């Protein structure tokens, strides 16, 4: 029974909401699985591929099912939504069980990459296939409900509505729901909405059901089969276009990340913009389709135009840096204004090619023309080929094209292959006249792009405009600000784009990851050195050490001069590992140290999957608003780290003061202190260094002095202008745990995996905030909480002479940093001890 117009409107709304829930679930599940399997591109790609494979499988299975079970497609649709809701509700508890099995297997299996990948695929499939198969079945079943003899336009309308809902879901999940509700409550809300959708579909299914005694007009045997000569090329082309468009999406994501940043908002904005283009394309097809339309010609034109647009536009993506600089200048500190302008810029890049690709799905279905009864099967075949092609395209772009060719040449190769496919389709369908008109345009674009020496401006591409736009504006423009910097190398890999810069005078080097500076030989060398050595100074026997993050390698320099036996360094990015070679003079070629072992892996995943315990764990990543890094600032991560520390173990945390609000700094500190209540606070420039433990943290002065006396460690400390323990304490010690607790407060809320407040805090990093306002506000708040505290020093000496020398060293340190009152106090105490010593000597 055909739904009435009012019923159609409700069904359309239901299908929009279904797409909304599906993308909310995808965002949530990707986040949950990243916490278990890690945030490397390999782990993320496996999750994405498994999700899409489930959609493809569900579309194919339920598309075929509707051929012989078409009495009430709306009831079947309702049951599918119930299946989605139930499996989504079971996802979190199932993940807990799967994580335990996963950890067990990773402990007993050899550390082989292919085994790790196989285990990840297996457990991702266990979690994702059940709900995604149900999700994948909803489109062909809904299309079967509206099936007519020629229904390409109706298919386009449904595809557009579902994709529109997906767009809203991707945007709402990242920008509104998760920041306001957290992961679990957002999931419960989506489950409730899914059940409401199912309930509405059940009610409508009774009203739209066939009348009693009414029999299907179609025969029960199969009366349509894909024609190998006509349909197979179309399905292959659909798969190849899916391959190209998802490969383009991966490349666009990597390029736009350089201008938008590695944040949850950036990913959501790019995904929602991509989906808007697809939805508009499907909607335009539904609007403009007519009986006389030549779907084969349209399909060929769309395929050819996608390649032409990408090939013509890709060489100019570097100029987006200047466009985004304008957006920042126009927005100031208005985050929603900047988000809107960023959305428009991204749509200008992605809009046309994604719109063209969105019209391809209904056009391909119209070419198949499976008839009313086989509508579900036809759309299932189209979606199956499109999704499988998309999976392969995403994997090829991430694992093959980016590491081998880089983004620009990858765009060129894909676009040329895209054009070849379009030309081949024209010849295959014998559509020669339209081809003759497009041939000169195609030839001109190919000649211009392939033979002209068009390359991206490396400085613009690695400018980090999303972080440094206020600085560039203050210095007179991006190109002026970067004029005195030279790029030594740009490393384009599957995980990140790393650029190595050198100052014009050759005195300083630094590297950027996706545009943001992550280390160098300049002012932050002090912090890089201290975050490594302070935790080891605080431990009497730091035999085994874990450092999360390689950076320039400066943090590792000299650690082996402490009483260490093994130093593990875990780095997530292979590109950062490759960039380390440019800093070997600064880090004294530390990776060649026999005590140092480099592991390329997600740091949190390493702790989750290994039994190794450590005396000291150092966490270098300092920006909790960045995706991936954010997982190292949650309550659950600190508990995981505590489980891998031996009795009396020390945890070192680096926190920047320049890109975090005072309230969020309090949240970050309070979260750390919930697990490590004993903390000593040091500062270095614009950074805090927190030395934390579950037992009191103290520094043995004499042990520090002996280590300072070792030539290797003395050279490392001299490089940051420190010659003694006194200079280190006087120059960098802030205060102890009670004062820090006064600053941060006690008890919840905490930054947790479920409520990742800090990960969603990048919205505050705008305008003057990043030019010192946050740093000043944070230091004022920290100093206002300072109470009376003793220096965290023990064992100033076993005799009067050592004691007096230690006091004079501290006095010299405080005098050096201009704290004359403190220096005078230590000098007076040293003089008293020396007088007593002299008196005792005379008496003897």
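Numbering (the numbering used here), first residue to last: 256 to 1099. Heads up, the beta-carbon is just placed ideally off N, CA and C, and yes, glycines get one too. Just so we're clear, the structure is a prediction, and the values are computed from it rather than from any experiment.
Linking residue 960 to residue 981 through their CA atoms gives a straight-line distance of about 9 angstroms.
Looking only at 318, 279, 328 and 504, the smallest Cα-Cα distance to residue 436 is reached by 279.
Assigned with DSSP and collapsed to three states, residue 945 falls in strand.
Per DSSP, the unbroken beta strand (DSSP E) holding residue 988 starts and ends at 988–991.
For residue 1043, the three-state secondary structure derived from DSSP is coil.
Sequence-distant Cβ neighbours of residue 889 in its own chain, meaning closer than 6 angstroms and more than five residues away, are 1006, 1007 and 1008.
Using a Cβ-Cβ distance cut-off of 8 angstroms, the stretch 722–740 and the stretch 575–582 are in contact, since at least three pairs of beta carbons, one from each stretch, lie closer than that value. Per the DSSP secondary-structure output, residue 826 pairs in a beta bridge with 855.
Each residue's CA atom was taken as its position, placing residue 594 and residue 499 some 28 angstroms apart.
The shortest C-alpha to C-alpha distance from residue 360 to any of 377, 348, 899 and 420 is the one to 377. Annotation for residue 747: the continuous beta strand (DSSP E) segment containing it runs 740–747. Burial check for residue 964: the Cβ neighbour count within 10 Å stays below 16, so the residue is exposed. Out of 978, 790 and 517, the CA that lies nearest to the CA of residue 769 is found in 517.
Per the DSSP secondary-structure output, residue 874 pairs in a beta bridge with 803 and 908. Per DSSP, reduced to three states, the secondary structure at residue 902 is strand.
Following the DSSP letters along the chain, one finds residue 1064 in no beta strand (DSSP E) but inside the alpha helix (DSSP H) bounded by residues 1055–1071.
In the structure shown, residue 977 falls within a coil segment according to DSSP collapsed to helix, strand and coil. Under the three-pair Cβ rule at 8 angstroms, the stretch 413–431 counts as touching the stretch 609–625.
With contacts defined as CB atoms closer than 9 angstroms, residue 424 and residue 309 fail to qualify as a contacting pair. The three-state secondary structure of residue 287, taken from DSSP, is helix. Across the structure, residue 977 and residue 942 are spaced so that their CA atoms are roughly 18 angstroms apart. Sixteen is the threshold: since fewer than 16 other Cβ atoms of the shown chains lie within 10 Å of the Cβ of residue 682, the residue is exposed. Scanning the stretch 485–548 from its first residue to its last, the whole alpha helix (DSSP H) runs of 4-plus residues come out as 486–515 and 519–543. Residue environment analysis places residue 336 among the buried positions, since at least 16 neighbouring C-beta atoms fall within 10 angstroms of its C-beta. Taking 9 angstroms as the cut-off, the Cβ atoms of residue 490 and residue 678 do not count as close. According to DSSP, residue pairing for residue 775 in a beta bridge involves 765. By a beta-carbon distance limit of 8 angstroms, residue 814 contacts residue 787. Their separation comes to about 6 angstroms. If you look at residue 354, you'll find it in the alpha helix (DSSP H) that goes 346–363. Membership of residue 594 in the alpha helix (DSSP H) is indicated by the continuous run 590–623. For residue 933, the enclosing beta strand (DSSP E) stretches over residues 933–939. Counting every other CB atom within 10 Å of its CB across the protein chains shown gives residue 738 a total below 16, marking it as exposed.
By the criterion of a C-beta distance shorter than 6 angstroms, residue 828 is surrounded in its chain by 750 and 751, once the five residues flanking it on both sides are discounted. In the displayed model, residue 913 falls within coil according to three-state DSSP, outside both helix and strand. Ranked by Cα distance from residue 799, the first of 459, 756 and 905 is 905. Across the structure, residue 876 and residue 602 are spaced so that their CA atoms are roughly 32 angstroms apart. Following the DSSP letters along the chain, one finds residue 752 inside the beta strand (DSSP E) bounded by residues 752–758.
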